[in-house]
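Residue numbers (our numbering): 1 to 82.
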Amino acid sequence: MARAQRHAVEVHAVWDSDAEVWSAEAENLPGLVTEADTTEALMSKLRVMVPELLSYSPDLAAKLGPEIHLVLERNFEAAGTP
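And the structure:
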């Protein structure tokens, strides 16, 4: 029997300019909510958190991971705009 294809954990992170942190969560992995001050720190946290959360749900682990798709969103103004 062929093994079902697993999908990446989709993580969406938004820069919070007031708090100066990346706030991240994943719709397809319940419980994944975290913050970090750099993208590198965020990726490090996700590398630990994703497998840990998947270990609590074997059914979900059969469908997701180990790949993480991280989408970063940050708004800023272009130089020289009025």
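In this text, a Cβ means the ideal position worked out from N, Cα and C, and glycines have one as well. None of these values were measured; they are calculated from a predicted model.
Name, in chain order, the residues that DSSP records as bridge partners for Thr34. Ala24
Could you say which of Ser44, Asp37, Leu64 and Leu53 lies nearest to Val14 if we only look at CA atoms? Asp37
Which residues in the same chain have their Cβ closer than 8 Å to the Cβ of Lys63, if we skip the five residues on either side of it in sequence? Around Lys63, the same chain offers Ala4, Arg6 and His7 as residues with beta carbons nearer than 8 Å, after the five sequence neighbours per side are excluded.
What residues are listed by DSSP as bridge partners for Ala41? Per the DSSP secondary-structure output, Ala41 pairs with nothing in a beta bridge.
Looking at C-alpha atoms only, which residue of His12, Pro30 and Leu53 is the closest neighbour of Ala24? It is His12.
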